[in-house]
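Written out below as structure tokens is the structure these notes cover.
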Amino acid sequence: MGLVLGAGLWSVWLSCWPRSERRDSGRAGWTARTQDQLVQAGVQGVGPAGLVGASLGLGLVAWMVAAGMTGSPTIALFFAALAARGPFALVQSRARVRATRMREVWPEAVDHLASGIRAGLSLPEAVGQLGQRGPDQLRPVFADFARDYRATGRFSDCLDALKARLADPVADRLVETLRITREVGGSDLGRVLRALSSFMRDDARTRGELEARQSWTVNAARLAVVAPWVVLFVLSTRPETAAAYNSPAGLTVLMGGAASTVVAYRLMVRAGRQP
Numbered sequence: 003m004g005l006v007l008g009a010g011l012w013s014v015w016l017s018c019w020p021r022s023e024r025r026d027s028g029r030a031g032w033t034a035r036t037q038d039q040l041v042q043a044g045v046q047g048v049g050p051a052g053l054v055g056a057s058l059g060l061g062l063v064a065w066m067v068a069a070g071m072t073g074s075p076t077i078a079l080f081f082a083a084l085a086a087r088g089p090f091a092l093v094q095s096r097a098r099v100r101a102t103r104m105r106e107v108w109p110e111a112v113d114h115l116a117s118g119i120r121a122g123l124s125l126p127e128a129v130g131q132l133g134q135r136g137p138d139q140l141r142p143v144f145a146d147f148a149r150d151y152r153a154t155g156r157f158s159d160c161l162d163a164l165k166a167r168l169a170d171p172v173a174d175r176l177v178e179t180l181r182i183t184r185e186v187g188g189s190d191l192g193r194v195l196r197a198l199s200s201f202m203r204d205d206a207r208t209r210g211e212l213e214a215r216q217s218w219t220v221n222a223a224r225l226a227v228v229a230p231w232v233v234l235f236v237l238s239t240r241p242e243t244a245a246a247y248n249s250p251a252g253l254t255v256l257m258g259g260a261a262s263t264v265v266a267y268r269l270m271v272r273a274g275r276q277p
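Quick note: to get the working numbering, add 2 to the position in the sequence shown (first position is 1).
And the structure:
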């Protein structure tokens, strides 16, 4: 009764304040971030809802298997949570690998774009010709841009669609540079693109060195996170261990271990995150 009363009073209090309208930039919120990761990972035909459904299904299967092997539904619940994280981890891993490969080809794409502009092509034509002469990884999306522009003739809208297809921060920089040039004008686009290409190469080289130095530390941290749970799974096959963790004290230990694992891993990821 107290919770219901508190929820009602909280709702009444919230209704007294006007709701601030947030601008929809297309990138805010968990759904948009997850959709970007799916695009970056090259996963087609699967949305955030499908990814959540796959995670829940995998977690349910893992819970049934672990409960059957250990005889402890409590322990199996924590392994199910780890398994449910699997699809998200796979998507994030593929997105990181693909982003690393894309960073290496973007300078070449910018060089092709600058060459097209120096050859006298208009800005939309120079962007569209990347679908034929650009790097192989980028040709399909730029071919789609050229098709969209021929159909609509709206350069800004086609740039927005290009950004959505790429979902890449490097592409965002290039697209906004082209948008400003189209709207404001100027004769310095060639020099700007050459400077941007040089910056991209320096950025890719620096990130590659940092990731190489971080790799052994990150792998060791991941091993440290997984190792206790592997040991727990091995020990839980013994009946006395399963019985111990089925008790309230055992559940408290598991919850404390899970909280420590999540907090430690998130701190490690945040400390090593690159802008």
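We treat Cβ as the ideally placed atom computed from N, Cα and C, and that holds for glycine.
A distance of 8 Å or more separates the beta carbons of Gln276 and Leu180. Leu168 and Val143 have their C-alpha atoms some 7 Å from each other. Counting the other CB atoms within 10 Å of its CB gives Gln134 a total below 16, which places it among the exposed residues. In the structure shown, the three-state DSSP call for Pro277 is coil. In the three-state reduction of the DSSP assignment, Ala91 falls in the helix class, which pools H, G and I. DSSP places Asn221 inside the alpha helix (DSSP H), whose first and last residues are Leu191 to Leu237.
The criterion of a C-beta distance shorter than 8 Å is not satisfied by Gly44 and Arg87. Following the DSSP letters along the chain, one finds Ala244 inside the alpha helix (DSSP H) bounded by residues Pro241 to Tyr247. Rounded to whole angstroms, Tyr267 and Asp205 show a C-alpha spacing of 27 Å. Contact between the segment 253-265 and the segment 77-87 is present: 3 or more CB-CB pairs across the two stretches fall below 8 Å. Judged by pairs of C-beta atoms under 8 Å, the segment 125-132 does not touch the segment 217-233, as fewer than three such pairs exist. Membership of Met3 in any alpha helix (DSSP H) is not indicated, and neither H nor E is assigned to it by DSSP. Listed in chain order, the non-local C-beta contacts of Ala69 below 6 Å within the same chain comprise Pro75 and Ala78, local neighbours out to five positions each way being set aside. For Ala169, the three-state secondary structure derived from DSSP is coil. When the alpha-carbon of Leu198 is set against those of Asp38, Trp108, Tyr247 and Leu92, the nearest one is in Trp108. With fewer than 16 other CB atoms across the displayed protein chains lying within 10 angstroms of its CB, Ser17 is exposed. Restricted to the segment 123-166, not a single beta strand (DSSP E) segment is unbroken, complete and at least 3 residues in length. Around the beta-carbon of Trp12, fewer than 16 other beta-carbon atoms lie within 10 Å, marking it exposed.
Taking the C-beta atoms as reference points, Ala64 is found nearer than 8 Å to Ala85. Between the C-alpha atoms of Val236 and Asn221 there is a straight-line separation of about 22 Å. As the crow flies, the alpha-carbon of Pro241 is around 11 Å from that of Asn248.
Per DSSP, the continuous alpha helix (DSSP H) segment holding Pro75 begins and ends at Pro75 to Ala86. In the DSSP annotation of this structure, the continuous segment of the alpha helix (DSSP H) that includes Trp32 starts and ends at Trp32 to Gln42. Trp12 sits in a helix when the DSSP states are folded into three classes. Secondary structure at Pro20: coil, using DSSP grouped into helix, strand and coil.
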